[in-house]
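Heads up: the sequence shown begins at 1 in my numbering, then just goes up one per residue.
Idealized CB from N, CA, C, for every residue including glycine.
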Amino acid sequence: MHIPYAFLTTDEFSQKGDLVLDPFSGSGTTLLEGVLAGRSVVGADANPLARLITKVKVTPISSERLASSGKVFKENISAEPTGDFPDVVNIDFWFSKRVKTQLQCVLESVLKIEDKDVKDFYKVCFSSCVRKVSYADPRVSVPVKLKYQKYPSGHPLRKKMKTHLESLTDVDVLKVFDDVVARNTTRLLRLNNEVGLGAMEYSLATDANNLSSSKRSNSIDSCMSPLEKESVQLVITSPPYPGAQKYVRTCSLSLGWLGVCQSSNLLELKRQMIGREEFRKTEYELLQETGLYRADEQIQSIYVKNKQRARIATSYLLEMKIVIQEVYDYLKTGGYLVLIAANNTISGIKFHTVDYLKDIAVSTGFDVEGVLIDDIRSRGLMTKRNKSASVINREWVLVFVKRC
Ligand SMILES: C[S@@+](CC[C@H](N)C(=O)[O-])C[C@H]1O[C@@H](n2cnc3c(N)ncnc32)[C@H](O)[C@@H]1O
Numbered sequence: 001m002h003i004p005y006a007f008l009t010t011d012e013f014s015q016k017g018d019l020v021l022d023p024f025s026g027s028g029t030t031l032l033e034g035v036l037a038g039r040s041v042v043g044a045d046a047n048p049l050a051r052l053i054t055k056v057k058v059t060p061i062s063s064e065r066l067a068s069s070g071k072v073f074k075e076n077i078s079a080e081p082t083g084d085f086p087d088v089v090n091i092d093f094w095f096s097k098r099v100k101t102q103l104q105c106v107l108e109s110v111l112k113i114e115d116k117d118v119k120d121f122y123k124v125c126f127s128s129c130v131r132k133v134s135y136a137d138p139r140v141s142v143p144v145k146l147k148y149q150k151y152p153s154g155h156p157l158r159k160k161m162k163t164h165l166e167s168l169t170d171v172d173v174l175k176v177f178d179d180v181v182a183r184n185t186t187r188l189l190r191l192n193n194e195v196g197l198g199a200m201e202y203s204l205a206t207d208a209n210n211l212s213s214s215k216r217s218n219s220i221d222s223c224m225s226p227l228e229k230e231s232v233q234l235v236i237t238s239p240p241y242p243g244a245q246k247y248v249r250t251c252s253l254s255l256g257w258l259g260v261c262q263s264s265n266l267l268e269l270k271r272q273m274i275g276r277e278e279f280r281k282t283e284y285e286l287l288q289e290t291g292l293y294r295a296d297e298q299i300q301s302i303y304v305k306n307k308q309r310a311r312i313a314t315s316y317l318l319e320m321k322i323v324i325q326e327v328y329d330y331l332k333t334g335g336y337l338v339l340i341a342a343n344n345t346i347s348g349i350k351f352h353t354v355d356y357l358k359d360i361a362v363s364t365g366f367d368v369e370g371v372l373i374d375d376i377r378s379r380g381l382m383t384k385r386n387k388s389a390s391v392i393n394r395e396w397v398l399v400f401v402k403r404c
């Protein structure tokens, strides 16, 4: 089931023209579904690449604009780069000299595109091309150097991964990029057909803990006005998990190539993520309380086993409390909050994230409207860290209403 689609294509929770918010919008699935369903949409994501992808997803561009900038892109592409390579973490570990040079030539030509929306579209295409031509294992979400030898001889993936590595020796980066552009152009033109080319209302903030920083804009002009309290009819979101997903590391190569986060700023960006693992020893020595009785008991047991992971869980819940309170303030009376969440295991102890999020929402003032269970189809970003962590395979859809 496509959960955002199911909630956005019924009049039960919101109607055409209503404002829909996703405070953890990721690559913008909910916002796109909202736009397609005729809602105004607001999102937030701490990851600048996620915000760029979202902006591109909800911004229709005419085929004429695409074609004319595409022509300029082709004319400007050169065989040798003119500028310095961007600050990409361990660039020479992940890319051969040849590939690095070709990527830089493509990027320089992308950056010369004057039409901002088309340039952003090309940047997103470039970011998905980066991973494809790197030495990173395409089957692992975070960059891990591909070693075909890890598959036993005779295993079908051994041959496939060996062929992939060999193909990188003479890969034509421009051809890979052109293929990505062609595929994404088809998707974009489909969006034009579905929503037309009018000014699209969307907003994006950088921090779910500070939604008032949301900048309202549209794809054609950029008029800004702050998000207003009690203006949102439906909030639908998949919050991060505590200590289980590595959003920044997953796209660290693209962040560097696009110049949106240099390698020296990656740690700072990771520290902005809810559910992060990055804590200094001094930050986790002392056990903090969340004020949620059931959670604090469990965190106590985790603390005995692993202080750092206890701190990850505590900070996660404290920060989710702030987000849920914020969301409550922005919702209209009668508005809905839909949380798509799952439980996970921390230090071998089952962490009842779903129950805790429910406790937070209820103590904030929400009423529970319903609870659904769904099996997860994609586990792309989940990491099985070690024996004491687990892969999540079931998620809960918690529906709350703000009564007064
Ligand atoms: C489970 S993912 C959301 C996936 C999304 N529904 C999609 O379709 O891509 C959680 C998102 O929360 C974002 N995030 C983590 N901490 C954040 C914060 N403090 N403010 C805003 N977004 C944050 C992550 O970057 C990630 O994209």
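Residue range of the alpha helix (DSSP H) that includes residue i
i       : result
Leu-318 : 307 to 330
Leu-419 : Given that the chain is displayed from residue 1 to residue 404, the structure contains no residue 419 and the question cannot be resolved.
Val-58  : Here Val-58 belongs to no alpha helix (DSSP H), and DSSP marks it neither H nor E.
Glu-395 : No alpha helix (DSSP H) holds Glu-395; the beta strand (DSSP E) holding it covers 394 to 401.
Gln-102 : 97 to 111
Ser-63  : 63 to 76
Glu-166 : 156 to 167
Val-130 : 116 to 132
Leu-286 : Note, Leu-286: premise wrong, no alpha helix (DSSP H); not H, not E.
Ile-274 : Ile-274 -> no alpha helix (DSSP H), and no H or E assigned at all.
Ser-363 : 353 to 364
Contacts around residue i, its chain only, beta-carbon distance under 7 angstroms, and the 5 residues preceding and following it disregarded
i       : result
Ser-109 : Phe-73, Asn-76 and Ile-77
Asp-375 : Asn-393 and Arg-394
Gly-28  : Gly-43, Ile-53, Thr-54, Lys-57 and Val-58
Thr-9   : Ala-37
Gly-34  : Leu-8, Val-20 and Val-41
For residue i, the first and last residue of its enclosing beta strand (DSSP E)
i       : result
Gly-43  : 40 to 44
Asn-90  : Element bounds for Asn-90: n/a, residue is neither H nor E.
Val-144 : No beta strand (DSSP E) contains Val-144, which DSSP labels as neither H nor E.
Asp-374 : 367 to 375
Ile-236 : 232 to 237
For residue i, the three-state DSSP class (helix, strand or coil)
i       : result
Val-338 : strand
Lys-16  : coil
Leu-31  : helix
Ser-222 : Any answer about Ser-222 is weak, because its pLDDT of 34 lies below 50 and its placement is not dependable; what the coordinates show is given next. Of the three classes helix, strand and coil, the one that applies to Ser-222 here is coil, per DSSP.
Thr-82  : coil
Thr-345 : strand
Arg-379 : Below a pLDDT of 50, predicted positions are generally treated as unreliable, and Arg-379, at 49, falls in that range; the measurement from the model is reported next regardless. Three-state DSSP puts Arg-379 in coil, outside helix and strand.
Tyr-293 : helix
Ser-217 : Note that Ser-217 scores 40 on pLDDT, short of 50, meaning its location in the model is unreliable; the coordinates nonetheless yield the value given after this. In the structure shown, Ser-217 sits in a strand (DSSP, three-state: E or B).
Lys-229 : coil
Tyr-5   : helix
Phe-177 : helix
Ala-50  : helix
Among the options, nearest to residue i - alpha-carbon criterion
i       : options                               : result
Tyr-356 : Ser-40, Ile-349, Gly-365 and Asn-343  : Asn-343
Glu-289 : Pro-152, Glu-319, Gly-154 and Lys-332 : Glu-319
Leu-204 : Pro-156, Ala-50 and Leu-337           : Ala-50
Leu-337 : Lys-100, Lys-246 and Phe-400          : Phe-400
Tyr-135 : Glu-12, Gly-291, Gly-26 and Lys-145   : Lys-145
Asn-192 : Phe-7, Pro-239, Arg-309 and Leu-32    : Leu-32
Thr-206 : Lys-16, Ala-6 and Ser-25              : Ser-25
Tyr-122 : Glu-278, Leu-258 and Gln-300          : Leu-258
Leu-165 : Arg-294, Val-133 and Lys-332          : Val-133
Glu-64  : Pro-240, Glu-278, Thr-353 and Leu-188 : Leu-188
Neighbour-count burial assignment, residue i, 16 or more Cβ in a 10 Å radius
i       : result
Arg-379 : Because Arg-379 sits at a pLDDT of 49, beneath the cut-off of 50, its placement in the model cannot be relied upon, and the point is left open.
Gly-83  : exposed
Tyr-247 : buried
Gly-275 : buried
Ile-373 : exposed
Ser-238 : buried
Glu-326 : buried
Gly-243 : buried
Own chain, CB closer than 8 angstroms to residue i, minus 5 neighbours either side, in chain order
i       : result
Val-451 : Limits of the chain in this structure are 1 at one end and 404 at the other, which puts residue 451 out of reach.
Ile-91  : Phe-85, Lys-100 and Gly-256
Thr-314 : Leu-287, Gln-288, Glu-289, Thr-290 and Ile-299
Leu-111 : Lys-119
Tyr-151 : Leu-157, Arg-158 and Met-161
Cβ-based neighbour list, residue i, same chain, cut-off 6 angstroms, excluding 5 preceding and 5 following
i       : result
Leu-234 : Phe-13, Ser-14, Val-20 and Tyr-336
Ile-324 : Ile-360, Ala-361 and Thr-364
Arg-410 : For the chain, the structure presents residues 1 to 404; residue 410 sits outside this window and is missing.
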